[in-house]
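Student: In my numbering, the protein residues as written are 4 to 612.
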Amino acid sequence: MTESQKVHPGPVGAAACEPGDTALPYEYTETLFPVPRLGAGLQFLGEYQGSGSTERKYLVRRGDGQVVQLSRLLYLVAEAIDGTRNTETVSHRVSGRYGREVSADNVEYLIEQKLEPLGITVPFGQEGDQVAGPTTDLLLVLKGHRVIFRERQVARIAKALAWLHRPPVVVLVLAAALGVDVWLFAVHGAIGPVLQVLEQPVLMLAVFALIVASLVFHEFGHASACRYGGARPGSIGCGLFLIWPSMYTEVTDVYRIGRAGRIRTDLGGIYFNIVFVLGLALAYFLTGQPLFLAAIYLVHFEILEQLLPVVRLDGYYILGDLAGIPDLFGKIKPILQSMLPGRPVSPEVAGLKRPARVMVTAWVVTMVPLIVAELGYVLWNLPRLLGTSLRSLAEQVAGTWSAFADGQISAGLVGVVGSFMLICPLAGATYLAVRLVGRLVKVTARATEGNTRLRLAICGGALVGAGALCAAWLAGVTPEPLPRQPPIAPILQPGVPTARPTAAAPAEVRSTPAAPDPTVLTSPLPETVAPSASAEASGPAAGASVSPSASPVGVVPTPGPTSPSPSPSRTSASPSAGPSTSPTPSTTPSGSPSPSVTPSESPSGTEEP
Numbered sequence: 004m005t006e007s008q009k010v011h012p013g014p015v016g017a018a019a020c021e022p023g024d025t026a027l028p029y030e031y032t033e034t035l036f037p038v039p040r041l042g043a044g045l046q047f048l049g050e051y052q053g054s055g056s057t058e059r060k061y062l063v064r065r066g067d068g069q070v071v072q073l074s075r076l077l078y079l080v081a082e083a084i085d086g087t088r089n090t091e092t093v094s095h096r097v098s099g100r101y102g103r104e105v106s107a108d109n110v111e112y113l114i115e116q117k118l119e120p121l122g123i124t125v126p127f128g129q130e131g132d133q134v135a136g137p138t139t140d141l142l143l144v145l146k147g148h149r150v151i152f153r154e155r156q157v158a159r160i161a162k163a164l165a166w167l168h169r170p171p172v173v174v175l176v177l178a179a180a181l182g183v184d185v186w187l188f189a190v191h192g193a194i195g196p197v198l199q200v201l202e203q204p205v206l207m208l209a210v211f212a213l214i215v216a217s218l219v220f221h222e223f224g225h226a227s228a229c230r231y232g233g234a235r236p237g238s239i240g241c242g243l244f245l246i247w248p249s250m251y252t253e254v255t256d257v258y259r260i261g262r263a264g265r266i267r268t269d270l271g272g273i274y275f276n277i278v279f280v281l282g283l284a285l286a287y288f289l290t291g292q293p294l295f296l297a298a299i300y301l302v303h304f305e306i307l308e309q310l311l312p313v314v315r316l317d318g319y320y321i322l323g324d325l326a327g328i329p330d331l332f333g334k335i336k337p338i339l340q341s342m343l344p345g346r347p348v349s350p351e352v353a354g355l356k357r358p359a360r361v362m363v364t365a366w367v368v369t370m371v372p373l374i375v376a377e378l379g380y381v382l383w384n385l386p387r388l389l390g391t392s393l394r395s396l397a398e399q400v401a402g403t404w405s406a407f408a409d410g411q412i413s414a415g416l417v418g419v420v421g422s423f424m425l426i427c428p429l430a431g432a433t434y435l436a437v438r439l440v441g442r443l444v445k446v447t448a449r450a451t452e453g454n455t456r457l458r459l460a461i462c463g464g465a466l467v468g469a470g471a472l473c474a475a476w477l478a479g480v481t482p483e484p485l486p487r488q489p490p491i492a493p494i495l496q497p498g499v500p501t502a503r504p505t506a507a508a509p510a511e512v513r514s515t516p517a518a519p520d521p522t523v524l525t526s527p528l529p530e531t532v533a534p535s536a537s538a539e540a541s542g543p544a545a546g547a548s549v550s551p552s553a554s555p556v557g558v559v560p561t562p563g564p565t566s567p568s569p570s571p572s573r574t575s576a577s578p579s580a581g582p583s584t585s586p587t588p589s590t591t592p593s594g595s596p597s598p599s600v601t602p603s604e605s606p607s608g609t610e611e612p
């Protein structure tokens, strides 16, 4: 080959030169017919079925796992790039499939201005194929992923369990679960088994292990439902949701199938929780151990938590798939801006189908006020929350250390679980507060760029609000920390005193006489006063001595045992004689505190879109 027929290689590939053409300078050929390349690990997922947008959307997944939505034209351009075709060849291929003329200049423009900023194609002039595209830095998203079951293992597990999603099996499972719930909550009673477990630290650890097993089985439900619908599940792992350890299942491939398949996948985890409940019920009927019924009670709280569409749990993805919108949080800002008077409708909102737009708007106008109200409530009660939590944590850690020091290993391990339950909310709230403040500062700086007066006004308003709140805290206007109370679940707080705080006893009144007034003549009282019949009938008079046979101080008679009616509440319940709303448990005539339980929320599984 002569020099005039050579193809001049460049860092992004070769310029297209036909045999016999005069070789052009390298800089000119690279600009005329460059060869684009895709980023490493890019996968084409196809059309997003059941989308809530008026336009057809297509999905690709980058090598870092980020899923990107593309228009049909951009998807065709990216799909035509194979590392050997130049932009002119790509334009011919795209024009034939798109049905309209797309020139080489159009292709080059789309690559440089659209695909390259998204991290889909390699920038012209770069030798390697590793690209760093934009990522979504979300507050309420799983962080620190660690794989537990790899894709091959998940595929085998999903294949073995996919038959549970057949309609006849689903009907039988739901009917059996309904029967178990009616028996447990209406006949047997759900609180009793929980109390029996709380009396034994070893049983409490066993219940904790069962809850962890239910979380793993929950993820198997997502994977098997994905496989049953015709998609391919990915790996199963764990991460941190805020600060809570949580599990996830990679089911990105589910976006290739229809809406019904995605919703089945979303509900698969909750459905497998129900299957797990049936397994626990069977274990109880075979062994008679109450720990299985206690685990059933706690799994119900896990199911209720998963159904909330507030954060990125199953309920959030169910609502998103019903609307056909993968990221509901991404629509909050454009919907709120479109609701302002005089503002045009955002293209992101105008491009939604009417049912999807109504559904997402209803979600936004419901969730935003709730989030703002919750934030204001937390700020107003922050001293109370911090004071109570830190005091409780200090007592918990000290009691757990004492349990280990005394050789009570099982009680100490349960105390570690209780400490973990106190530390996680504090650490999670701190992490969320720091991220939220940082996000607000960045958004404000970006929105007020070039407008010094507006920036100063916003900063002044923030300082005034923070100063007023601090003044309210220091002045004691905000609620005070809760007084010390005996633990509701003593088994979770070893070493923490279970007696009531010292208070005046209602059965014995001791009064200190005031200093005598010298202007008033008084006569000495007799040493003893014989009770008259009227005094016996109306109770001890002022100054009368109290008989030693009176009821002991602090003993409150309790009514006879009743069958408590369960309530799916996250507040603690005192089961000494049925549910009680008092935070201080009553004591039995023997003086021992009545046990009670605080249903704890287990870490929930999440799934990645």
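The beta carbon of each residue, even a glycine, is placed where N, CA and C say it ideally should be.
#1: Note down the Cα distance separating residue 197 from residue 218, rounded to an integer number of angstroms.
#2: Quick one, are the C-beta atoms of residue 157 and residue 248 less than 7 Å apart?
#3: Kindly indicate which three-state DSSP category residue 405 falls into: helix, strand or coil?
#4: At the level of alpha carbons, what is the spacing between residue 238 and residue 266?
#5: Less than 8 Å between the CB atoms is what I'm expecting for residue 179 and residue 300, so what's the real figure, rounded?
#6: Per DSSP, what kind of secondary structure is residue 73 in: helix, strand or coil?
#7: Could you compute how far the alpha carbon of residue 189 sits from the alpha carbon of residue 303?
#8: Starting from residue 48, trace the beta strand (DSSP E) both ways and give me its first and last residue.
#9: With a 10 Å radius around its C-beta and 16 neighbouring C-beta atoms as the bar for buried, classify residue 255 as buried or exposed.
#10: In chain order, what residues of the same chain have a beta carbon less than 7 Å from the beta carbon of residue 268, not counting five sequence neighbours either side?
#11: Can you find the residues in the same chain that come closer than 8 Å, C-beta to C-beta, to residue 463, ignoring five residues on each side of it along the sequence?
#12: Apart from the five residues on each side of it in sequence, which residues of its chain come closer than 7 Å, Cβ to Cβ, to residue 206?
#13: Which runs of the alpha helix (DSSP H) at least 4 residues long sit entirely within the stretch 52-114? Give them in chain order.
#14: Looking at the structure shown, is residue 391 part of a helix, part of a strand, or coil, going by DSSP?
#15: Would you kindly check if the distance between the Cβ of residue 37 and the Cβ of residue 90 is under 7 Å?
#16: So what's residue 238 in DSSP terms, helix, strand or just coil?
#17: DSSP beta-bridge partners for residue 248?
#18: Terminal residues of the continuous alpha helix (DSSP H) containing residue 306?
#19: List the residues that DSSP assigns as beta-bridge partners of residue 124.
#20: Is it buried or exposed, residue 291, if we count other Cβ atoms within 10 angstroms and call 16 or more buried?
#21: The alpha helix (DSSP H) spanning residue 1 covers which residue range?
#22: Residues in its own chain within less than 8 Å of residue 60 by CB, not counting five upstream and five downstream?
#23: Say whether the stretch 418-436 touches the stretch 394-403, bearing in mind that this needs 3 or more beta-carbon pairs closer than 8 Å, one atom from each stretch.
#24: Helix, strand or coil for residue 153 per DSSP?
#25: Out of 121, 439, 252, 182, state which residue places its alpha-carbon closest to the alpha-carbon of residue 161.
#26: Going by DSSP, name the residue or residues bridged to residue 351.
#27: Is it true that the CB of residue 440 sits closer than 7 Å to the CB of residue 297?
#28: For residue 222, which option in 191, 185, 270, 284 has the closest C-alpha, if you only look at C-alpha atoms?
#29: Give a yes or no on whether the C-beta atoms belonging to residue 148 and residue 242 are separated by under 7 Å.
#30: Please report the straight-line C-alpha distance between residue 330 and residue 468, rounded to a whole angstrom.
#31: Going by other Cβ atoms of all chains shown within 10 Å of its Cβ, with 16 needed for buried, is residue 103 buried or exposed?
#32: Do residue 260 and residue 234 have their CB atoms nearer than 7 Å?
#33: Here's the rule: buried if 16 or more other CB atoms are within 10 angstroms of the residue's CB, otherwise exposed. What is residue 124?
#34: Let me know if residue 186 comes out buried or exposed under the rule of 16 or more other beta-carbons within 10 Å of its beta-carbon.
#35: Taking the C-alpha atoms as reference points, what is the distance between residue 574 and residue 452?
#36: Take residue 308 as the anchor and find which of 273, 445, 281 has the nearest alpha-carbon.
Tutor: So, from the listed chains and residues:
#1: 19 Å
#2: no
#3: helix
#4: 19 Å
#5: So it is not a contact: roughly 17 Å between Cβ atoms.
#6: strand
#7: 15 Å
#8: 46-50
#9: buried
#10: 225, 228, 229, 232, 254, 257
#11: none
#12: 200, 294
#13: 75-83, 90-101, 107-113
#14: helix
#15: yes
#16: coil
#17: 243
#18: 293-309
#19: 41
#20: exposed
#21: Any question about residue 1 goes unanswered here, given that the chain covers just 4 to 612.
#22: 50, 51, 54, 72, 73, 74
#23: yes
#24: coil
#25: 252
#26: Answer by DSSP bridge pairing: none, since residue 351 is not bridged.
#27: no
#28: 270
#29: yes
#30: 32 Å
#31: exposed
#32: yes
#33: buried
#34: exposed
#35: For residue 574, the predicted model reports a pLDDT of 34, less than 50, meaning its position is unreliable; a value from the coordinates is still stated below. Their backbone Cα atoms lie some 46 Å apart in a straight line.
#36: 273
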